[in-house]
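For what it's worth, the numbering used here labels the leading residue of the sequence shown as 35, then goes sequentially.
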Amino acid sequence: MKLFSSISAYKNTRPSVVTIGTFDGVHIGHQAIISQLLTAAEKENLTSIILTFFPHPRMVLQEEISIKLINSISEREELLQKSGIENLIIHPFTTEFSRLTALEFVRDILVNQLHITKIIIGYDHRFGRNRDATIEELIEFGRTYDFEVEEIKAQKSDEVSISSTKIRKLLFEGNIKTVNNYLGHPFTLSGKIVKGKGIGKTLNFPTANLQIEEDYIMIPKNGVYLVQSEISGNTVFGLTNIGTNPTVGGKLQTIETFFLDFNKDLYNKNLRLTFITRIRDEKIFNNVEELKSAIREDEYFARSFIKSLN
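Below, the structure is given as C-alpha cells:
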C-alpha cells in the first residue's frame with residue numbers, strides 16, 4: 035500500500051476507483067465498501083484509492099463538541115493497510131478544505147487529481163460545502179464527468195445499521211461484545227506504560243498503568259475488562275480496570291492492567307490492549323479486603339473464560 039499525506043501528493047494518472055470517508059473504527063460497514071472497491075479494481079483494471087481525513091471533520095467544524103474516536107490515526111492506517119488497497123490518502127481536514135463546493139470537489143479533486151472512473155460510496159454520503167450534496171448530485175456529476183457511482187446500502191447486523199457513531203455509544207455503555215461484532219475485529223487501546231501510584235502492588239495485584247497520548251480516543255465505560263496483549267512475542271491475558279479506584283480514594287481515571295502469569299517490568303514500553311469482554315462495573319468496596327476478594331473473583335472468571343476460548 036502507498037500512503038499519501040495529502041491529495042496533492044498523489045501523482046498517479048491511472049484510472050481509479052475511489053471511496054471516501056472518515057473510516058473511524060474500520061468497522062464491518064466500512065469493510066463491505068472496501069471489499070466492493072477491491073472487486074471493482076480487479077475486475078476493471080483500476081487502481082484502488084481510499085480517501086480519508088484527519089482531523090475528523092467534526093473536530094474542525096464543531097469545536098465545541100468534544101468528539102471521541104474509536105481509533106488513533108495510526109491505528110486507522112494500520113487497519114486500512116491490512117485491507118489490501120493500493121493507495122491510502124490521509125488528507126488534512128481544514129476549514130478551508132470544508133469550503134470547497136461540491137462541483138470543486140468533484141471536478142478538481144476526484145476527476146482532475148484522482149482520475150476516477152468509478153466511486154463507491156455509502157448510501158448516506160454527503161459532501162461539498164455544508165455537506166449539501168447527496169449521492170443523487172454525485173450521480174449527476176458522474177454523467178457530466180464520465181464516472182460511475184456505485185452505492186453501498188447500509189451494512190446490517192441484527193437489523194441495526196452499523197455506524198461509527200453507534201459503536202462509540204456502545205463503548206460508552208461498555209458493551210464490548212457488540213462493539214467487537216460491529217467492528218469485525220477486537221477493540222484496542224494503545225499507549226505507553228507509565229508509573230502509577232503502586233496501589234495494585236500493595237494489594238499483591240501489580241498493575242501496568244496505560245497512558246494514551248491522543249486525547250481524542252474513546253475510552254470504554256468504567257469497569258473491569260478481560261484483555262490480551264502481545265508482550266515479547268507472547269500472548270498475555272490480563273484484567274484491565276478503567277476507573278478512578280474509588281475504594282482507595284482515587285479521583286482521576288486510569289487504565290490499569292493486572293496481567294495473569296506475568297510479572298515483568300513494562301515501564302516506558304508501548305503496549306496495546308485488545309478487549310475481549312467486560313466483566314463488571316467498577317465498584318466502591320467497604321474495605322481493601324473486599325476489593326482484593328473481588329479481584330480474585332475477576333481472575334477466576336477470566337481464567338474460566340480463557341479456557342472456553344480454546
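Glycine included, C-beta positions come from ideal geometry on N, C-alpha and C. Quick caveat: nothing in here was measured; it's all calculated off a predicted structure.
If you draw a straight line from the alpha carbon of Leu205 to that of Asp180, how long is it in whole angstroms? 42 Å
Measure the C-alpha to C-alpha separation of Leu325 and Glu247 and round it to an integer number of angstroms. 29 Å
List, from N- to C-terminal side, the alpha helix (DSSP H) runs of 4 residues or more that fit wholly inside the stretch 102–179. 107–115, 129–132, 169–179
Per DSSP, which one or two residues make a beta bridge with Thr278? None; Thr278 has no bridge partner.
Take every Cβ of the stretch 265–281, pair it with every Cβ of the stretch 120–132, and state whether three or more of those distances are shorter than 8 Å. no
State whether the stretch 150–161 contacts the stretch 100–116, with contact taken as three or more CB pairs (one from each stretch) at a distance under 8 Å. no
Could you tell me whether the Cβ atoms of Val332 and Arg314 are closer together than 9 Å? Reading off the sequence, residue 332 comes out as Asp, not Val. For the 9 Å CB-CB criterion, Asp332 and Arg314 form a contact.
Looking at the unbroken beta strand (DSSP E) that takes in Arg314, where does it start and where does it end? First-last of the beta strand (DSSP E) with Arg314: 304–314.
Determine the direct distance from the alpha carbon of Thr281 to that of Ile320, and round the result to whole angstroms. For the record, residue 320 in the displayed sequence is Asn; it is not Ile. In a straight line, the C-alpha of Asn320 is about 7 Å away from that of Thr281.
Which residue marks the beginning of the beta strand (DSSP E) containing Gly257, and which one marks its end? In this chain, the beta strand (DSSP E) harbouring Gly257 covers 257–265.
From which residue to which residue does the beta strand (DSSP E) around Gly225 run? Judged by DSSP secondary structure, Gly225 falls within the beta strand (DSSP E) whose first and last residues are 222–228.
Can you name the start and end residues of the alpha helix (DSSP H) that Asn215 belongs to? Its alpha helix (DSSP H) spans residues 210–217.
In angstroms, rounded to a whole number, what distance separates the CA positions of Phe175 and Arg163? 16 Å
Less than 8 Å between the CB atoms is what I'm expecting for Asn121 and Ser82, so what's the real figure, rounded? 7 Å
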